[in-house]
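Heads up: the structure comes next, in C-alpha cells.
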Amino acid sequence: MSVVTGEKEFFTGINQIKYEGRESDNPLAFRWYEADKVVAGKTMKEHLRFACAYWHSFNGNGADPFGAATHVFPWDVKSDAVERAKDKMDASFEFITKMDLPYYCFHDIDLVDYTNDVSDNEKRLHTLVEYGKQKQAESGVKLLWGTANVFSHSRYMNGASTNPDFHALAHAGAQVKSAIDATIALKGENYVFWGGREGYMSLLNTDMKREQDHLAKFLHTAKDYARKQGFKGTFFIEPKPCEPTKHQYDYDAATVCGFLQKYDLLGDFKLNLEVNHATLAGHTFQHELQVAVDNGLLGSMDANRGDMQNGWDTDQFPNDVMEVAEYMLIILQAGGFAGGGINFDAKIRRNSTDPSDLFYAHVGGMDVFARALIIADNILQKSDYKKTRADRYNSFDSGAGREFENGKLSLKDLRDYAASKGEPARTSGKQEYLENLINRYI
Ligand code: XLS
Ligand code: NI
Ligand code: NI
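According to this note's numbering, the residues represented by the sequence shown are 6 to 447, in order.
Structural data, given as C-alpha cells:
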C-alpha cells in the first residue's frame, strides 16, 4: 500500500506509521502490529483485517447533545457538496494509507451529503463512487462493507423498514438500493444492516409482530436485489439492544440468530458484533462472540469500548489488553471471521482536537489487537487452557455420559445411574486458575 494524497495534504507533518517494535517510544509507531508477521499460520494483516469507519473519523465533529462541533475539518470548507465530499475522500484515503489500514467502511451519507431529492442523491453518490474507484486503485485499500444510514433523517423518526408509514419505508428502500449499488461498484466484500430505528419507543403505539414481519420482508427484498446484481458477499446484521430506540429488534446475537432462522435468512446473513452494543445488552463481548461462533454466524466485528460508569454507546477506542486477549481466544479458535474483519467503529473524544489524535487512537487500537493475537496464540499453543476446559466435560467422553449424548439413555436410566453411584465428587471450575493464565501470557 502506498500513501495517497490528493492535490492537498491534510495531515501534514504525519508520515507513514511504521512498526518500530516494543522498545520504541515514538507515539506514532506500532509497537505490536507488524502487518506481515506470521502468527498461527497467517499474517497479522490477514487475521485482523482492520477497517477505518468513515463516519467517526471524517464526519463526526465532536458535537454532543450539550454542545456544538469541536473538530474543525480542513476538508469540510468548499460550498459545493460534491467538491467538499471529494476533499473528504482525499483526506480519508490519506489517513487510511498513512495508517496502513487495509479496509474502510461507510454509510451512503458519509461519502456525500444528501438532500430530499432521491434522484439527485443517487447522482451524488455515483460521482463519489467513481472517485472512490480511482482512490482504491491508487492505494490498494479495499471496502470491507457498505451500508445505508436510514436512521438520521427525520423521516425515519418512527423507523425505516419498520415504519408504520409505507411511504417512509419506500425511502429506506431507495437509500438501501443505491448503497448496495455503491457497495457492488466498489467491490465491497460485505453489506451491513444496523437497525438503529428498527424498534419501538412505546408498545402502546406499536404492532411489534407486523413491524418485525416488515423488517424481514425488507431484508429479503434487499438481498434478492443485491444477488440479482451479482453481489457475492455476505450481509451482516449488527445487533444493539437500544439507543436510539428504547428497544431495538436486533437486540443481541441470540435474538438475531432466532430472527434469521424464523424468517429464513440463514445462508445469506451473518452477524457484525460490536463491543459497546454487547455491554449495553448486559453481556460481555466474549459472550456475543461465542453465541455467534456456536451458531456458525461470526461475520465481522465493530471494535470499540464503552465506559464502566455510564450506560450509553460511548464508542471509545479499545485499550484493554486482557479483555481483547479473551476476544482473540474465541476468534482464533473459531478460525477467524467469515468474510469480515475488525472495523474501528470508535471515535476520538470531543476534546481530542489535534489531527494527530486520530492517529494515536488507531495506533492504540491496532496495537492492542495485535498484542492480543500474540497472547491468544501463545495461550492456545503453550498452555493447558484448552485441556482444562475440555477436561471439565470428560464424564461425557465415555460410558454412560457418552450414551446420554448419543440419545441412548431414558430418564429411568438416569435415575438408576444416580441411585447406584451415590453422590458425585466436587470438581473445581478453576476460574481463578484460568484468569491467572491469561495474565501470565500478557
Ligand atoms: C451505531 C452503530 C453504527 C453501525 C453502522 O451504534 O454501531 O455505527 O455500525 O450503521
Ligand atoms: Ni457499529
Ligand atoms: Ni455502535
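Beta carbons are placed, not taken as given, at the ideal position from N, Cα and C, and that holds for glycine.
- Under the three-state reduction of DSSP, Val298 is assigned to helix.
- In this structure, Lys245 has its beta carbon less than 7 Å from a heavy atom of ligand 1.
- The way I'd put it, the segment 218-227 does touch the segment 260-280; three or more beta-carbon pairs between them come closer than 8 Å.
- The beta carbon of Leu53 is closer than 6 Å to those of Ile347, Phe374 in its chain, skipping five residues each way along the sequence.
- For Lys233, the three-state secondary structure derived from DSSP is helix.
- With 16 or more neighbouring CB atoms inside 10 Å of its own CB, Gly204 falls in the buried class.
- Using a Cβ distance threshold of 8 Å, Glu25 and Ala34 count as a contacting pair.
- Taking 8 Å as the cut-off, the Cβ atoms of Asn195 and Ser305 count as close.
- Taking the C-beta atoms as reference points, Gly200 is found nearer than 8 Å to Tyr254.
- Here DSSP, grouped into helix, strand and coil, assigns Asn195 to strand.
- Look at Glu279: its beta carbon is less than 7 Å from one of the heavy atoms in ligand 2.
- Ligand 2 never approaches Trp317 closely enough for any of its heavy atoms to be under 7 Å from the residue's Cβ.
- The C-alpha of Lys387 is placed about 10 Å away from the C-alpha of Tyr446.
- Under the DSSP definition of a beta bridge, Val44 partners with Lys47.
- Linking Ser124 to Lys182 through their CA atoms gives a straight-line distance of about 12 Å.
- The Cβ-Cβ distance between Trp150 and Val197 falls below 8 Å.
- Under the three-state reduction of DSSP output, Leu416 falls in the helix class.
- The secondary-structure analysis by DSSP pairs Lys23 across a beta bridge with Ala34.
- In the DSSP assignment, Asp257 falls outside any beta strand (DSSP E), carrying neither H nor E.
- Look at Gly304: its beta carbon is at least 7 Å from all of the heavy atoms in ligand 1.
- Within 10 angstroms of the beta-carbon of His367 lie 16 or more other beta-carbons, which makes it buried.
- In this structure, the alpha-carbon of Leu439 lies about 9 Å from that of Arg394.
- Between Ala297 and Leu278, the beta carbon gap of about 6 Å places them in contact (Cβ cut-off 8 Å).
- Ranked by how close their Cα comes to the Cα of Gly72, the residues Asn444, Thr432, Arg355 have Arg355 in first place.
- Gln321 has Arg310 as its beta-bridge partners, per DSSP.
- Put simply, of Leu414, Leu270, Lys352, Val326 the residue whose alpha carbon is nearest the alpha carbon of Asp69 is Lys352.
- Using a cutoff of 7 Å, the CB of His282 counts as near ligand 3, since one of the ligand's heavy atoms is closer than that.
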